[in-house]
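Q:
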Amino acid sequence: MVNAYLHKNKTSSSEIENIQKRFEMITNFFPSFDGNNILEPAYKNGEFIYKINGKYISEEQFRLYFVDADFKTSIDPLTITAKEKQLYEFEYILPKPKKEFLKDVENLEFQGQLYWIGLIKIEDKKKGEFLKNNPKIFVGKIFVGGDTRYGYGLLKIIECKEAKEELKNWHLNDEGKFEYDDKTPLRNFFEFKSNIKFKGEIKLIPELEFTNRDPRVKDAKFYITPGSILEPENNENNNLDNLTLKLVLKKGKFILET
1 MVNAYLHKNK
11 TSSSEIENIQ
21 KRFEMITNFF
31 PSFDGNNILE
41 PAYKNGEFIY
51 KINGKYISEE
61 QFRLYFVDAD
71 FKTSIDPLTI
81 TAKEKQLYEF
91 EYILPKPKKE
101 FLKDVENLEF
111 QGQLYWIGLI
121 KIEDKKKGEF
131 LKNNPKIFVG
141 KIFVGGDTRY
151 GYGLLKIIEC
161 KEAKEELKNW
171 HLNDEGKFEY
181 DDKTPLRNFF
191 EFKSNIKFKG
201 EIKLIPELEF
211 TNRDPRVKDA
221 KFYITPGSIL
231 EPENNENNNL
241 DNLTLKLVLK
251 KGKFILET
C-alpha cells in the first residue's frame with residue numbers, strides 16, 4: 001500500500017517514515033468467495049479452518065485449491081547453465097481455484113474469483129482519495145508479498161466503503177481501539193501475555209524493516225493467532241481491564257502502546 005502511494009505521490013526520503021505510519025492502522029485481509037463475506041478464521045478440534053455460510057474449509061484444503069508454486073534458478077552467464085544450489089521455489093495464491101477443484105469450491109458458493117477483504121483507518125483526505133479511486137493520485141493496483149519483482153502478489157482495489165457496522169466483528173470500537181468479545185474469533189494477531197486465557201495457538205511474528213536494501217528484523221514477539229477465542233474468564237478476572245485501553249491496531253496486530 002505504501003509503495004503504491006509513493007508511486008503516485010512524490011515525496012522526500014525523510015517523509016517516508018511518516019507515510020508508513022499513515023497506513024499502519026490496518027487489519028489482516030482474508031479471502032472471500034463472493035466479495036462481501038470473508039472466510040472467517042476459526043479453530044475446530046485444534047485445527048485452523050475457514051468458516052463460510054455454515055460450512056468450513058481447512059487450511060490444507062484452501063492451499064490445495066488455491067496455492068501453486070513456481071521455480072526459478074540463477075544462470076551462469078559464462079556456461080549458460082543453472083548455478084549449483086540456486087533453485088528457488090515461490091508459492092503464490094491463485095485468483096481462481098485449480099480446474100480439477102472447481103466443483104469442490106463451487107459447493108462452497110465460490111463466485112468466479114477470489115477476493116480479499118480487510119479494514120484500514122483513513123486519517124486524512126489525501127489517503128482517502130487514494131483509496132477511493134481518485135484517478136489523479138490512485139494507482140488502482142498494488143503488489144503484496146516478498147516476490148513482487150517476478151509479478152507475484154498483484155491485487156486490484158475494486159471497492160472502498162465505510163464499515164462501521166463491521167467493526168465489532170473485528171474486535172474494534174468506533175475509535176479503532178480494541179474491543180473485548182469472548183464469542184467472536186480474533187481476526188487480527190493479539191500480543192500474547194501469560195495471564196490472558198484463550199483457545200487457539202500462538203506464533204512468533206517478526207517485525208521486518210524494509211527501508212534498506214536488505215530487510216532486517218526490527219523486533220519479534222509472540223502473538224495469539226487469528227481464529228483464536230479469548231476466554232470469558234478474562235472478564236471475570238479483570239485480566240483485560242488494564243490492557244484494553246493500551247491495545248492499538250498496527251499492521252494486523254493488536255499491540256501494547258509503549
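Residue 205 in full-length UniProt numbering sits at position 205 of the sequence shown, and the numbers go up by one each step. The beta-carbon is built from N, C-alpha and C at its ideal position, and this holds for glycine as well.
Which first and last residues belong to the beta strand (DSSP E) in which Y43 is found?
A: Counting from 1 along the sequence shown, the entry for residue 43 is found at position 43. Run containing Y43: E40 to K44, per the beta strand (DSSP E) assignment.
Q: Looking at the strands, I want to know which residues DSSP matches up with Y65.
A: Taking the sequence shown and counting its residues from 1, one reaches residue 65 at position 65. DSSP output for Y65 lists no bridge partner at all.
Q: Along the alpha helix (DSSP H) that carries V105, what are the first and last residues, could you check?
A: Numbered from 1 along the sequence shown, position 105 holds the residue referred to as residue 105. Per DSSP, V105 belongs to the alpha helix (DSSP H) from L102 to E106.
Q: Roughly how many whole angstroms lie between the Cα atoms of K96 and N195?
A: Taking the first residue of the sequence shown as position 1, residue 96 is located at position 96. Taking the first residue of the sequence shown as position 1, residue 195 is located at position 195. Each residue's alpha carbon lies about 42 Å from the other.
Q: Return helix, strand or coil for E233, following the three-state DSSP convention.
A: As a working mapping, residue 233 is identified with position 233 in the sequence shown. DSSP places E233 in the helix class (H, G or I) of the three-state scheme.
Q: Give me the residue from L167, I158, L230 and N28 with the minimum Cα distance to K183.
A: To locate residue 183, count along the sequence shown from 1; it is residue 183. Cα-wise, what sits closest to K183 is L230.
Q: Under 8 Å, with one C-beta from each stretch per pair, do the segment 214–221 and the segment 172–183 reach the 3-pair mark?
A: Between the segment 214–221 and the segment 172–183 there are fewer than three inter-stretch CB-CB distances shorter than 8 Å, so the stretches are not counted as touching.
Q: Whole angstroms are fine: how far does the CA of K164 sit from the CA of W116?
A: As a working mapping, residue 116 is identified with position 116 in the sequence shown. As a working mapping, residue 164 is identified with position 164 in the sequence shown. So the alpha carbons of these two residues sit roughly 18 Å apart.
Q: Given this structure, state the Cα-to-Cα distance separating G252 from I120, to the nearest angstrom.
A: Position 252 of the sequence shown holds residue 252. Position 120 of the sequence shown holds residue 120. So the two alpha carbons sit approximately 10 Å from each other.
Q: Could you name the residues of the same chain whose beta carbon sits closer than 7 Å to that of A111, not counting the 5 residues immediately before and after it, in chain order?
A: Here residue 111 corresponds to residue number 111 of the sequence shown, with the count starting at 1. In the sequence on display, residue 111 carries Gln and not Ala. So the qualifying residues of the chain are F33 and D34.
Q: Quick check on residue 319: does DSSP put it in helix, strand or coil?
A: With the chain running from 1 to 258 in the structure shown, residue 319 is simply not present.
Q: Going by CA-CA distance only, name the one from E209, L39 and K246 that's closest to K108.
A: Taking the sequence shown and counting its residues from 1, one reaches residue 108 at position 108. Contrary to the premise, residue 108 reads as Leu rather than Lys in this sequence. It is L39.
Q: Just the C-alpha distance for N53 and L247, rounded to the nearest angstrom, thanks.
A: Within the sequence shown, numbered from 1, the residue matching residue 53 stands at position 53. Within the sequence shown, numbered from 1, the residue matching residue 247 stands at position 247. N53 and L247: Cα-Cα distance of roughly 31 Å.
Q: Using 9 Å as the threshold, is the C-beta distance between K250 and S228 below it?
A: The residue given as residue 250 occupies position 250 in the sequence shown. The residue given as residue 228 occupies position 228 in the sequence shown. No; because the gap between Cβ atoms is not below 9 Å, this pair is not in contact.
Q: By how many angstroms is the C-alpha of I157 removed from the C-alpha of K98?
A: Taking the first residue of the sequence shown as position 1, residue 98 is located at position 98. Taking the first residue of the sequence shown as position 1, residue 157 is located at position 157. The C-alpha of K98 lies about 23 Å from the C-alpha of I157.
Q: Taking the alpha-carbon positions, what's the residue 265 to I202 distance?
A: No information on residue 265 is available, as it lies outside the stretch 1 to 258 that the chain covers here.
Q: Among the candidates G145, I26, K197 and F30, whose CA atom is the shortest distance from the CA of F90?
A: The residue labelled residue 90 in the question sits at position 90 within the sequence shown. Comparing Cα positions, the closest option is G145.
Q: Terminal residues of the continuous beta strand (DSSP E) containing P226?
A: Translated into positions along the sequence shown, residue 226 becomes position 226. Element bounds for P226: n/a, residue is neither H nor E.
Q: Take the Cβ of L114 as the centre, count every other Cβ of all protein chains shown within 10 Å, and call the residue buried at 16 or more, exposed below.
A: Along the sequence shown, read from residue 1 onward, the residue named residue 114 stands at position 114. L114 should be labelled buried.
Q: Classify K164 as helix, strand or coil using the three-state DSSP reduction.
A: Taking the first residue of the sequence shown as position 1, residue 164 is located at position 164. If DSSP states are grouped into helix, strand and coil, K164 belongs with the helices.
Q: Measure from the alpha carbon of G46 to the alpha carbon of each residue in N37, K55, E59 and N36, then state which is nearest.
A: Here residue 46 is taken as the residue at index 46 of the sequence shown, counted from 1. Considering only alpha carbons, the answer is E59.
Q: For the beta strand (DSSP E) holding I142, just list the boundary residues, first then last.
A: Position 142 of the sequence shown, counting from 1, holds the residue named residue 142. Where I142 is concerned, the enclosing beta strand (DSSP E) stretches over K141 to F143.
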